[in-house]
Structures are given as structure tokens and as C-alpha cells.
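One structure below.
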Amino acid sequence: MATAKPAKSTKNARYIYHFGGGKSDGDASMKALLGGKGANLGEMARRGFNVPPGFTITTEVCTYYYANKRTYPKGLFEKDAVDAIRKLEKAQGKGFGDRRNPLLVSVRSGARDSMPGMMDTILNLGLNDETVEGLKAKTKNGRFAYDSYRRFVQMYGDVVMGVQKRHENEHEPFDEVLDAVKEEAGVHEDTDLSEDNLKEVIKRFRALIKERTGKAFPNDPYDQLRGAVGAVFGSWMNDRAVIYRDKYRIPHEWGTAVNVQAMVFGNMGDTSGTGVAFTRNPANGANEFYGEYLANAQGEDVVAGVRTPLKIQDMAKDAIFGDIYKQLLKVRAKLEKEFGDVQDFEFTIEEQTLYMLQTRHGKRTAQAYVKIAHDMVREKLMTPEHAVKSGDPQALDQLLAPIFDSTDEKAAEKDSYLTIGLPAGPGAASGIVAFTAAKAEQIAASGQKAVLCRIETSPEDLKGMIASEGILTSRGGVSSHAALVARQMGKVCVAGAGDLAIDYAKGTLTSNGRTLREGDFIAINGTTGKVYGRKVKTSDSELKQVLVAKTMKPQDSELFRAYDFVMKLADKYRTLGVRTNADQPDQAENAIAFGAEGIGLCRTEHMFFEGDRIDSVREMILFAEDYAKFKSDSADAKGDDAKLASLKGTHADAIEHFTGALEKLLPMQQKDFEGLFTAMAGRPVTIRLLDPPLHEFLPQSKDQKDDLAKKLGVSYERVEALGHSLHEFNPMLGHRGCRLGIVYPEITEMQCRAIFRAALAVAKKTGKKVVPEVMIPLVGYDIELNQQLEIVHRVAKEEQDRAKTKLGYLVGTMIEIPRAAVTADEIAKEAQFFSFGTNDLTQTTLGMSRDDSGKFLPHYQKVGIVKANPFATIDTRGVGKLMKMAIEGGKATRPDIKLGICGEHGGDPTTIEFCHQIGLSYVSCSPFRVPVARLAAAQAALRAQSAANKAAKPAAAKAKAAKPAKKLRAAAAR
Ligand code: PEP
Ligand code: MG
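Residue numbering for the sequence shown follows numbering that gives the first Met the number 0, starting at 0 and increasing by one per position.
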């Protein structure tokens, strides 16, 4: 918020939007201004759903509030809010503060993207000692009226006036008062408290507020409203909301809207109730009505997980609610039709009348996402564009997460079965029992896996939930906080395992005659809901079984079919190519199975460690310096035959070993490349020449050094001395990248020969075109590139002549140090492509070591210096600016220059969007991130299109309507 420009209140600014009675000022497209809840309430109202009337105070007021020292635009409470309340009074035929017929309202937050449970809500606002009597008279239910009043004072005292527990071990102060009165009255349940008991509770609540805050509880409904609205705006910046936004990359600048809505009561007796439901199963995507309800309860009771609610289907058989269920089925169908996606909605039944309190696109697991997208597109309920847009690319990782090994799970079922709960977040999690969020964080920080086991979770547990592998609760349903948040985070979750007795004080968890303590292992199956009192082995996900292990046929996996459908849909929209970083044929094959269109980076040095070739690599290194000296001295002695002969004699050893080692490596590297070219079957393959400093390949331990000395017939001391001479203080900025190939051109030559021989051999063998792309690393000067390319072109010619065959190939460079970006126009004279090595480009631009930055970056993120880890998400304003500069320079010299990215950022959705915007041809990422990149690239294209459509005139916008971009993309990837 600190960065938000001070918003000014202008004369014509509109801060309040109404909804209700079949009409509304806003609609679903106005989420930025009205928040998700407000926009959808407007949409529902205008589409004929039965929505209690109300109004939304816009997010602009929130922005203003923070930009102006927590004050409101002029006239907001003096006029606009008063007018809005008047309108509401008229609609409801009630008066705000009317002692005979009081209008009561709820005050709720509503951000642009929903943030379940993170911000504050106040219900029953408008009650005071007088209006409560009016409510009593109207409803002829004193107990109900005073219970509503009790809840209001409690919520308001907590949220607005800040009466909360002051330290970890203190009880909730209002609960303490309530418990005391219950004890004095000799009752156990809140519902057993009489009207008089409740009056006593309220009296004590008010006294508690006065004692703690020095202020009286406000009686005037407008004062109450002002306080509640302030509290909701204030809660935008509470710790848990900030953590949540950081996790989901929701900008802090957005602010929340506030919705003020006429109260309807689900707690008016047995013919009333409240519930939440999803139009389809958000855990696995099944087309089934999914939700729960509680009779005689008020809104938050279901979500808070305090009482375990009944399944929504049970309503069908209920004598009182049977008819409501039929109405709900109609609502379910209408919601999907009108909103074009799965809806997560809240409803209240007040004396047999059904009201809709909110609806939003349901948060879903990755598994549910692909299933729902597949089904709803086919059912013509969802547009293909929305199917692509509505998924979280990052969450696709969930589809690759392991499941329990079926044999071990069967054994666990016999020897360690604990209980079964509601399967609320699919997948398998084994870990150490943690009873508190703090403990879970501690376990995770020590590098172990934690399963957070709680009676129920609350928004305070968010950090611990993030740190855990899985979440298990003994209370609460599939819409409880734990289930909701777990599902969104893609955490494995079993909720409401009622047989589980969790005793925080004793630190135990008991079920089925077994007791676990903190520190013991537990395993939860979020797909079936089963819980085991030990570790259970895991095995590959279904998707991996189909695509990687190939132990399952595609037609046997419903999940695969849905996934494949969504991926193909995404491919129609993206224009960015997606390649992979792979060095071995099996990696390449996996990547192709995930949809990679080429290799964007093959790190050839990874091949140096394969099999026993490391010995030859070490032999080469051991004699490299000596050989280089021989060459340099020979150059100086040019023309002096005697000197030259003597030099040959002195360095005979080095000549023999260095060139001998390269000769041994050549066929090995050739074989590697043949494997890669064969696996890629004609797709482009970018091969980067040797990059890391030579000392990285040397043996470390005494035994290894001893072994090497023996193998090469040199002394141990010589090996040891080499280690010292190659030592660098900062190897990342040392003798690496093209600097190696420049000092030791024979290495470049050997690698190039291997590449071209392999390409020619595979082309001959398969009859397919093979187009290698040779990439020079760590170039800063165009001369570096040119010198290396002289070798590449010479060797390419020699090998083509040798094979008497022509071969197409490209040469290019990585752009990974700022000088290369800045002088890209010069570099592009010889480079046919640029690939942004953003790992090094970030390191060198920020002057932050990629290996050491972990020490301070978390702190930097915490104090807001960086929003995201710059080694994961591109720093667009710094590194990104250099990228743009490089593109501009490169294109100025070579308009058709091919542009890619192969740093780790290439698999990050936010970076992918940036890459789309700056016009790269492709992104390259690790094989398992290829699906993430495909979806992210499609979303980037769709977002860019809608931004362009918005900017263009309506007629032009129509012409630019989303259309498949397969051809464009294919061209770009090549
Ligand atoms: C890079 O620097 O981004 C890159 C891909 O190269 P490496 O990570 O191998 O240094
Ligand atoms: Mg690099």
C-alpha cells in the first residue's frame, strides 16, 4: 500500500453501488472496483437469484483509506452511506436503528480475488439494547434476538474494538465470559442458554470491552457501521491477509471492497439454516453437487468448522428442507450456466425461504481443474478460453505429485489404520505429526516433512499450513477452512475425521486404539480420506504412470484424458514455443511426452560425468595448462625450428595426454548427442558448449585424488597442485563459459566435431532433418563469440565435407552478462539466436551470487525490498529491462533473430507472461515444468489479447477475438 498513489476524492467519484430486487448497479465484470463478492452479488441480483439487497463500498475507498492516513473520502459516511442505508430501509420496509422494526446488516470484505477467511466480517449490525427488543417483538423469539445480539457484540468487540487474547496461552476473552455464564447456568451448549442468560452474557461482554478498551460499545447503528467498515478495510493489511497475498501474488495495492447487506437469518429456528456448496466436486472435479448445511445456524458456523455439518444431499430426504433442496438443484444448474464455471456459493434459508449470499468461481485442485475444464467445455457450459484461463499453471505440479504405493498402503491398512475422514485435498502425504502451526513450520525448517494435525484450523494457521505436507482435522466438513485452504494450496488434506481424538494439552492423537504423539509419523490419503499411524511409501502419480513410466495406458486414465484435453486447448492459444532443458535422451523423451517442442538448453558438461568418461575429462584438465603453455611458447618461437622441437620434447607428456583425452572424449560426446538427436526426432536441439570452470570436475577427496594419480601415472602431488592452481575465489565470475573455449580452443573443437558428426549420423540413419543449434555461453564481447564461431563454422564445414552431406545448423549465444545485453547489436552480427541465461544474467545484474543469496533474500522479501525471489521470477524492472534492450539491439542488426530463455525463470508463470510480452520465440524449462509452461504461455497470450481488445475500439476488438494460434506458435518454436 505504501506505493499506492494518494487517491483523491473527486466530486463525481462514485463510491457506492447497490444490488437487490432484481436490479444492480454493478455486474460480474466489475471485480476490480466492487471486489469479487460485490460484483457477483450484483450479477446474481440482475439474473434473478434471490439475493438480500445491499450495497458495495468500492475498492477505491480502500485505496483512498490507505493513501490518506486511514481516512475516508469526504461525504462517504455523512451522505453516501446514509443515502444507501435509506434505500435499503425502503427496500426492506425496516429502519436502521428502528426500535420496533430494525434493519440489520452484515458487513463483509470482498477483494478482487477471493481470500477465504483472511479478512473480517461483522454480522447482525444495527443491534443495540433497544433494537434487540424490536427484533424480539418482530420474531416473537427473545432467545433468537438476544443470541444475535450476543454474537454481534462478540464479533464487533473482537474485530472492531480489538478485544482479543493478549498472548498465546490466554483463552479467547469472550469465550471465557460465555463459558463462565454457561457454567453458572449449569448448561453445556450455547444453544441451551436462556434469554436471560444471554442478557447476562451481553452485559458482561460490554463490561469487558469497556475494561479493555476504555471505550463503550457503540449504540448508534451509524457509528457501528463506520467502525465495521473501518475494521474490514483495516483487515486488508492484517498479517494473515498479507501472507496470503504474498503466497498467491495478489497485489497489495488492490484493496478490498466492503459489502453491506440486509441480514437474513439461518438461525431463526428449525425451518432456517445455512450452507455452502460447490456446483461440482472441487477436490476431484466430479459432476456432483457438493456441499453441506446446518439447520438453525448462522453463516460462519459452517465455514468455521465448529459444528460438523450435514451433506447437502441429505437435504433431499429432509422433511423440512426437501423443497429447498429442489430449489438448490435449480440454483446449481443456473449458476453454472450464467457464470460459465463451477461456483462455490453460500446460501441461507430463513424460515423456508432460500437466499443467495454469495457466489464465486470455486477454488479447485489441479485434478479437479482439468476434469471440470474438460467436462464443462464439452457440456458447452464453459468457453474454451475460460477453461484455459481458469487454471493455476503452477498447480499442475500437483498432478505429478506421488500417490501412496498400493502395496504398502494395503499393509498400513492392516497394521496402522487410524481412521477415515473427508477426502478434501487429493494426494498422499507422510510426515511428522505437528499439533500447532508453529511446530509444523519448525519441522519443515529442519528439512523434514510435517503433517499438521488440528481439531480445526483457522486463518492464523496459514503459515503452518503452507509449511506442511498435508493437513488433517478432526472437525469440520469439506467446506471448512482447512479443506478450503488446503485445496487451494494443493495440499493433501483429510478433514473432519471425527473418530480422531486430538488432545493438545497432552500432545496426543488417538484413534482405533492407537495413540500418536508429536514427532511420530502419520500418513494421510487425501484422495480416499484414510489415515495411517506410520510412514507409507509413495509411488508415481497416474499422469507419470501414463507419460513417463508408461505403465498405464492413456485410455485407462480419466485424469490423463482430461489433462491432455486442457493441454491441447492451451496449445491452441499460446504463441510462445515451449522447449525443455535436457541433457540426456530419457529426459528429452519425458519432456516430449509432456509436450516439449525442442531442447532449449543441453548443458554438455553434465555429460562429462557419465560413466567412466570423467577419467578422460580429468586427464584433459590435468594437462590442459601445460598444453596451453606449449602452444603459447610455440607461437612465440615461430620460425625457430630448434626451439620448437625442444618445446615439443619438454611438453611431450602434455601433448600426448591432452590431445589423447580429447580423442577419447570425442566419440563419447558424439554418442551422447546422437542419443539426444534421436530422442528429439527432428525437433530443434540447442547445445551449449562447456560452461563451468574446470576445477568442478576434479576429484575432491584424498582417495579420489590418489586414484586419479594412479590411473594417469602421475604423482599425487601433481594432482593436488593442479587443484590449487585451478582454485578460484569466485568461480562464478572466473574462468568459465566461452573463456574456457578461448583459452582451450581444442575443447570447443572436440565438442563441435561431436555435435556435427552426431547430427550427420542421425540424419543419415533416420532420414529426418537434424538441425543443431550451437550455443556459446557467457559471451560479453562480440570478439569472444566471433573467435568461437570461427571454430564452429570451420568444424561444421570439415565434417560436412567429410560426410559429403550438407547440414543445416544455427549458431548463437547466451545473453547472460549485462555487457552482452548492452552490446547485443554487435553480438547479433554473428549470432543467429539469443537465449537468455537468466540465472547468470540475474546474478550479474544484481551482483548477487545465485548460490549465496539464500542467506539474505528471504529477509529482503520480508521487508519488501523484493516482491519475489529474483532467481525464480524475473526482476522485470532490472534484468527484464536488459532483456528488452538486448532484444532491441539484436533485432536492429538481425530482424529475424530467434529469441529464447533457458534460465530457471523459463518455467515460472509470471516470467513466462513477461517473455510473451517482450516477444520471445520460446521458453525452455525442466521437463516436468513443460505442462506448467504450456498453460502459462496460453494464459499470457489470452491476457494479452484481452488487453489489446480492451484498448482497441469495439469494432476492432471484435476482429481480434481470440483465435487459435497454433501456426504462429509452431513457426516461433522452430
Ligand atoms: C543461466 O545462466 O541462466 C543458464 C541457463 O546457465 P547455467 O544455469 O548453466 O549457468
Ligand atoms: Mg549461465
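C-beta: ideal position from N, C-alpha, C; glycine also.
{"Check": "Residues near Leu558 by beta carbon distance below 8 Å, same chain, minus five either side", "Outcome": "Gln366, Val369, Lys370, Leu398, Glu541 and Leu542"}
{"Check": "Buried or exposed by the 16-neighbour rule on C-beta atoms within 10 Å, applied to Thr765", "Outcome": "exposed"}
{"Check": "Close beta carbons around Glu132, own chain, < 7 Å, minus the five adjacent residues each side", "Outcome": "Arg98"}
{"Check": "Residues whose Cβ lies closer than 5 Å to any heavy atom of ligand 2, in chain order", "Outcome": "Glu815, Gly836 and Asp839"}
{"Check": "Candidates Val878, Phe564 and Gly254: closest to Val387 by CA position", "Outcome": "Phe564"}
{"Check": "Heavy atom of ligand 1 within 7 Å of Gly506 beta-carbon", "Outcome": "no"}
{"Check": "For Leu600: DSSP bridge partner residues", "Outcome": "Asn580"}
{"Check": "contact_flag[the region 270-282, the region 69-79] where n(CB pairs < 8 Å) is 3 or more", "Outcome": "no"}
{"Check": "Limits of the unbroken beta strand (DSSP E) element including Arg687", "Outcome": "Val684 to Arg687"}
{"Check": "As assigned by DSSP and simplified to three states, the class of Lys4", "Outcome": "Caution is warranted here: a pLDDT of 43 is assigned to Lys4, below 50, making its placement in the model unreliable, and the coordinate value is therefore given only provisionally. Lys4 falls in the coil class under three-state DSSP."}
{"Check": "heavy atom of ligand 1 below 7 Å from Asp702 C-beta", "Outcome": "no"}
{"Check": "Asp781, buried or exposed, once every other Cβ within 10 Å from all chains shown has been counted against 16", "Outcome": "buried"}
{"Check": "Cβ-Cβ separation, Leu103 to Leu126 (assumed contact under 8 Å), whole Å", "Outcome": "6 Å"}
{"Check": "Cβ-based burial, Phe855 [other Cβ within 10 Å; buried from 16]", "Outcome": "exposed"}
{"Check": "Rounded straight-line distance, which links the Cα of Gly836 to that of Asp792", "Outcome": "Note on residue identity: the sequence assigns His, not Asp, to residue 792. When rounded, the distance between both Cα atoms is 23 Å."}
{"Check": "First through last residue of the beta strand (DSSP E) which encompasses Tyr743", "Outcome": "Tyr743 -> no beta strand (DSSP E), and no H or E assigned at all."}
{"Check": "Cβ pair Thr527, Ile402 closer than 8 Å", "Outcome": "no"}
{"Check": "Host beta strand (DSSP E) of Phe833 (start-end)", "Outcome": "Phe832 to Phe835"}
{"Check": "Cβ separation of Thr579 and Val929, assumed to be a contact under 8 Å, to the nearest whole Å", "Outcome": "6 Å"}
{"Check": "For Arg107, the residue or residues it bridges with in DSSP", "Outcome": "Thr120 and Asn258"}
{"Check": "Burial state of Tyr976 (16 or more Cβ within 10 Å)", "Outcome": "The question about residue 976 has no answer here: the residues shown for the chain are numbered 0 through 973."}
{"Check": "Endpoints, the beta strand (DSSP E) within which Pro771 is located", "Outcome": "Pro771 to Ile775"}
{"Check": "Residue range of the beta strand (DSSP E) that includes Leu356", "Outcome": "Thr352 to His360"}
{"Check": "Inter-residue CB distance, Ala44 and Ser23 (contact presumed, cutoff 8 Å)", "Outcome": "4 Å"}
{"Check": "C-alpha gap between Ala708 and Ala753, whole angstroms", "Outcome": "28 Å"}
{"Check": "Contacts around Arg801, its chain only, beta-carbon distance under 7 Å, and the 5 residues preceding and following it disregarded", "Outcome": "none"}
{"Check": "beta-carbon Gly902 near ligand 1 non-hydrogen atom, thresh 7 Å", "Outcome": "yes"}
{"Check": "Cβ-heavy atom distance, Arg602 to ligand 1, below 7 Å", "Outcome": "yes"}
{"Check": "Endpoints, the alpha helix (DSSP H) within which Pro422 is located", "Outcome": "Element bounds for Pro422: not the alpha helix (DSSP H) but the beta strand (DSSP E), Leu421 to Gly424."}
{"Check": "Option nearest Cys492 by Cα separation, candidates Val330, Ala587, Ala136 and Ala522", "Outcome": "Ala522"}
{"Check": "Asp404 Cβ short of 7 Å to ligand 1 heavy atom set", "Outcome": "no"}
{"Check": "For Ile816, the three-state DSSP class (helix, strand or coil)", "Outcome": "coil"}
{"Check": "Check: Asp690 C-beta below 7 Å from any heavy atom of ligand 1", "Outcome": "yes"}
{"Check": "Euclidean distance between Cα positions of Lys965 and Val922", "Outcome": "Any reading at Lys965 must be qualified, since the residue scores a pLDDT of 49, below 50, and its modelled position is unreliable; the value itself is stated next. Cα-Cα distance, rounded: 16 Å."}
{"Check": "Contact under 8 Å by Cβ, Val761 with Val769", "Outcome": "yes"}
{"Check": "Residue interval of the alpha helix (DSSP H) (run including Tyr289)", "Outcome": "Per DSSP, Tyr289 belongs to no alpha helix (DSSP H); it is in the beta strand (DSSP E), Tyr289 to Ala294."}
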